[in-house]
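This report refers to the structure that appears directly beneath it.
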Amino acid sequence: MEAVQTIALMMGTAWASGINLYATILVLGWMGSTGQVDLPPALEVLTDPGVMFAAGLMYCVEFFADKTPGVDTGWDAIHTFIRIPAGAIMAAGAAEGLDVGPAAELVALLLGGALSATSHATKAGTRVLINTSPEPVTNWTASIAEDLAVIGGLWASLNHPYFFLAALLVFLILVAWLLPK
2 MEAVQTIALM
12 MGTAWASGIN
22 LYATILVLGW
32 MGSTGQVDLP
42 PALEVLTDPG
52 VMFAAGLMYC
62 VEFFADKTPG
72 VDTGWDAIHT
82 FIRIPAGAIM
92 AAGAAEGLDV
102 GPAAELVALL
112 LGGALSATSH
122 ATKAGTRVLI
132 NTSPEPVTNW
142 TASIAEDLAV
152 IGGLWASLNH
162 PYFFLAALLV
172 FLILVAWLLP
182 K
């Protein structure tokens, strides 16, 4: 894996984990186990059938929890303590593909945690705003859009790393612009 692909994988896993950790694990595990992508050694565990089964089961739970107003807010609150560290750990694991030593892995861990926190806070904050709407369609639409964004974002990070990194930069600029408002 070349450096740009590895950086895109690091940032892609961190960003996606902040939105939907279980979909991230499932997509990376499936792509790795079917040979569509060569995962760095630290992420090869995601291809284990047991890991993929557990991630798939939790994805099913999240799929329904995420579509129920109120429940999704509680789910996001609990997952603040799960998604962010997992995104940081997976980013550090992806950094093994660079083979530049433990300092780079620590940098990836820190940046991955910050990116996971950013995408998680954006998702959770947006969902709290959406929950003020009395109709249920908005909640379902947002949830499905998030799932599709995770799948598409991971696919782009693995297949079109420059495009993904540019889109990620746009996302971060938008978050920085909207945050103070």
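Residue numbers (this note's numbering): 2 to 182.
Ideal Cβ positions, reconstructed from N, Cα and C, are used throughout, including at glycine.
The model shown is predicted, which means the values in this text are computed figures rather than measured ones.
(request) For my contact list, Leu29 and Thr14 are in at a C-beta cut-off of 8 Å; report their separation, rounded to the angstrom. (result) 7 Å
(message) Within the continuous alpha helix (DSSP H) that includes Leu1, where are the two ends?
(response) Residue 1 falls outside the range modelled here, since the chain spans only 2 to 182, and no answer is possible.
(request) Use the C-beta contact count for Asp67: other C-beta atoms within 10 angstroms, 16 or more gives buried, fewer gives exposed. (result) buried
(message) Taking its Cβ as the centre, do 16 or more other Cβ atoms sit within 10 Å of Phe165, making it buried, or is it exposed?
(response) buried
(message) By the three-class DSSP mapping on this structure, what secondary structure does Pro42 have?
(response) helix
(message) Please tell me whether Ala89 and Gly113 are closer than 7 Å, where the distance is taken between their beta carbons.
(response) yes
(request) State the DSSP-derived secondary structure class of Pro181, mapped to helix, strand or coil. (result) coil
(request) Name the two residues that bound the continuous alpha helix (DSSP H) containing Thr35. (result) Premise fails: Thr35 is in no alpha helix (DSSP H) and is neither H nor E.
(request) Would you mind listing the alpha helix (DSSP H) stretches within the stretch 56 to 97 that are 4+ residues and don't spill past its ends, in chain order? (result) 72 to 96
(message) Considering Cα atoms alone, identify which of Ile174, Gly94, Val171 and Ala168 is closest to Val46.
(response) Gly94
(request) Give the secondary structure of Pro135 by DSSP, where H, G and I count as helix, E and B as strand, and everything else as coil. (result) coil
(request) Taking 8 Å as the threshold, find out whether the stretch 58 to 75 comes into contact with the stretch 30 to 45 through three or more Cβ pairs. (result) no
(message) Three or more C-beta pairs under 8 Å: does that hold for the stretch 136 to 152 against the stretch 74 to 93?
(response) no
(request) Please determine, among Tyr23, Gln6, Pro41 and Ala167, the residue with the shortest C-alpha to C-alpha distance to Met53. (result) Tyr23
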